[in-house]
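Residue numbers (the working numbering), protein chains in the order written: chain Y, 30 to 254; chain Z, 30 to 254.
Beta carbons: idealized from backbone N, C-alpha and C, even for Gly.
Owing to the predicted nature of the structure, the values given are computational and were not obtained by experimental measurement.
Read through the structure below, which is laid out as structure tokens, and then see the notes.
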DNA sequence: ACCTAGAGTTTGAGTCGTCAAACTCATGCG
DNA sequence: CGCATGAGTTTGACGACTCAAACTCTAGGT
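Structure below.
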């Protein structure tokens with residue numbers, strides 16, 4: 030409402046960095062990097078957020094959103110993820126491009142349009158990447174899942190979420206048949222090479238680094254072994 | 030592409046004012062008024078457009094878009110009108126609110142999303158107000174129509190376009206059953222009062238000022254008299 | 001021809017978001 | 001234990017956009 034587009038971007042970035050960070054605090058440098066901005070710029074913006082009671086921060090420390098700031102961040106995330114869902118489900122765009130598109134659209138969606146969109150999409154709980162869509166009241170239902178990198182050889186699992194939003198990662202996964210909801214099996218693990226070999230159900234075996242695999246979340250399924 | 034959101038708004042405003050104006054030139058003051066900005070601000074922005082070869086202008090004269098500027102304005106108008114169509118046809122919003130919503134969304138639509146939207150909507154030629162949607166190549170097919178105010182008593186006509194985008198006008202028309210495509214008949218004209226009485230097919234008689242009626246475009250139909 | 005009302009322009013200042021570069025703090029290595 | 005390193009902060013400047021207010025031009029009426 031009161032927040033400029035820039036402020037919205039800072040709130041979203043802080044929220045996401047905070048989620049990643051161990052201490053629940055977002056280092057200013059990480060926030061700056063996430064936004065493609067210099068550290069100095071981020072520092073002065075954080076001051077502004079603090080003045081608006083959207084964040085807390087002490088000199089040389091990390092940033093932490095207040096309840097008010099968190100609420101605002103969730104609202105933006107809701108817009109972002111509903112837009113992504115719309116772009117994939119209704120317009121048929123590829124999931125590798127929708128993140129960037131949603132990045133621009135999320136700021137132009139009014140509450141009225143948002144609700145109409147939500148209704149049109151059947152009030153979805155997850156976006157095309159498996160990320161939970163915060164509800165209008167701010168509730169977020171994180172799905173239970175583990176990194177694919179923690180599976181053992183022979184394990185079966187269902188892909189439930191992809192954390193990486195980079196286009197090339199998503200194109201690789203789609204091309205490999207690794208989409209949200211797909212079941213797969215770990216064919217082999219080569220720890221020396223840092224690689225695991227995965228077979229999606231009905232697809233051919235693909236190799237991926239355990240680093241990449243750690244950003245793909247799965248739910249194990251007991252299956253034919 | 031290169032144009033900021035602000036520049037896009039100026040281009041659109043100049044295009045529309047120019048269309049209205051007799052001389053095919055947009056007075057700076059009208060442009061400023063259309064954008065809710067002071068005349069001084071508009072003047073300096075016009076200079077910028079001229080520098081970018083998007084408009085021509087001489088001191089104390091009117092503004093005129095160059096072919097390049099016109100092309101850009103049509104692109105924005107295309108986005109605006111496709112978004113309006115989407116909001117009404119797909120999301121089911123009322124036509125009295127979509128103008129303002131589209132005003133914000135039009136700047137966030139990439140060519141890719143625009144084309145997907147166009148395809149999803151079946152490549153419509155007109156938006157919910159009957160305004161022509163410029164095609165991707167910049168062609169605009171204006172529909173032939175006359176102001177409803179020029180009809181005579183007893184005349185029948187089909188409503189093809191509503192020029193007024195104000196919410197209250199559009200709510201009045203919708204409530205009266207006067208939507209695009211509806212047929213209607215002029216019951217009476219009272220020139221002294223500046224009022225005409227209209228009966229939409231299957232509706233009850235409503236009065237409206239000839240001023241308001243002049244902003245509603247119709248195509249006469251010969252009908253039972 | 002003048003002269004004034006209205007339209008348009010200029011000027012000076014302010015806000016927002018940004019950067020580069022100088023500066024400050026906290027830490028852990030040697 | 002001191003100090004170099006890297007993270008964070010401050011400062012000064014800038015570009016984009018805006019306003020208010022002073023200024024200038026144009027056109028119409030007498």
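Checklist entry - According to DSSP, is residue 86 (chain Z) helix, strand or coil? => result strand
Checklist entry - Interface residues of chain Y around residue 130 (chain Z) at Cβ under 9 Å? => result 137, 138, 139, 141, 142
Next on the checklist: Considering only the alpha carbon of each residue, which of Z:71, Z:249, Z:240, Z:133 lies closest to residue 181 (chain Z)?
Outcome noted: Z:249
Next on the checklist: At a CB distance below 9 Å, what residues from the segment 140–164 of chain Y approach chain Z? Give them in sequence order.
Outcome noted: 141, 142, 145, 146, 148, 149
Next on the checklist: Can you tell me whether residue 137 (chain Y) is buried or exposed? The criterion is at least 16 other CB atoms within 10 Å of its CB, across all chains shown.
Outcome noted: buried
Checklist entry - Can you list, in chain order, the stretches of the beta strand (DSSP E) that have 3 or more residues and sit fully within the segment 85–134 of chain Y? => result 92–94
Checklist entry - Which residue comes first and which comes last in the alpha helix (DSSP H) that contains residue 207 (chain Y)? => result Unbroken run through residue 207 (chain Y): none, as it is neither H nor E.
Item to check | CA nearest to the CA of residue 210 (chain Y), picked from Y:197, Y:33, Y:225, Y:188 | outcome: Y:188
Checklist entry - Under a CB-based cut-off of 9 Å, is residue 121 (chain Y) close to chain Z? => result yes
Item to check | Among Y:94, Y:89, Y:90, the one whose alpha carbon lies nearest that of residue 47 (chain Y) | outcome: Y:94
Checklist entry - Is there a Cβ from chain Y that is less than 9 Å from the Cβ of residue 133 (chain Z)? => result yes
Checklist entry - In the structure shown, what three-state DSSP assignment does residue 188 (chain Z) receive? => result strand
Checklist entry - How close, in whole Å, do the beta carbons of residue 43 (chain Z) and residue 66 (chain Z) come, if the pair is a contact with beta carbons under 8 Å? => result That belief does not hold up - the Cβ atoms of residue 43 (chain Z) and residue 66 (chain Z) are roughly 12 Å apart, past 8 Å.
Item to check | chain Y within 9 Å of residue 116 (chain Z), Cβ atoms only | outcome: yes
Checklist entry - Going by the beta-carbon positions, is the gap between residue 111 (chain Z) and residue 149 (chain Y) smaller than 9 Å? => result no
Next on the checklist: Tell me which residues share the same chain as residue 199 (chain Y) and place their Cβ nearer than 6 Å to its Cβ, disregarding the 5 neighbours each side in the sequence.
Outcome noted: 124, 125
Checklist entry - If you check the beta carbons only, do residue 160 (chain Y) and residue 190 (chain Y) fall under 9 Å apart? => result yes
Checklist entry - How many Å lie between residue 127 (chain Z) and residue 154 (chain Z) at the Cα? => result 17 Å
Item to check | Interface residues of the segment 89–100 of chain Z facing chain Y [CB-CB below 8 Å] | outcome: none
Checklist entry - Do three or more CB pairs link the segment 159–173 of chain Z to the segment 100–119 of chain Z at distances below 8 Å? => result yes
Next on the checklist: Looking at the strands, I want to know which residues DSSP matches up with residue 249 (chain Z).
Outcome noted: Z:186
Checklist entry - Sorted by chain position, which residues of the same chain lie with C-beta nearer than 8 Å to residue 176 (chain Y)'s C-beta, five sequence neighbours on each side aside? => result 242, 243, 244, 245, 246, 247
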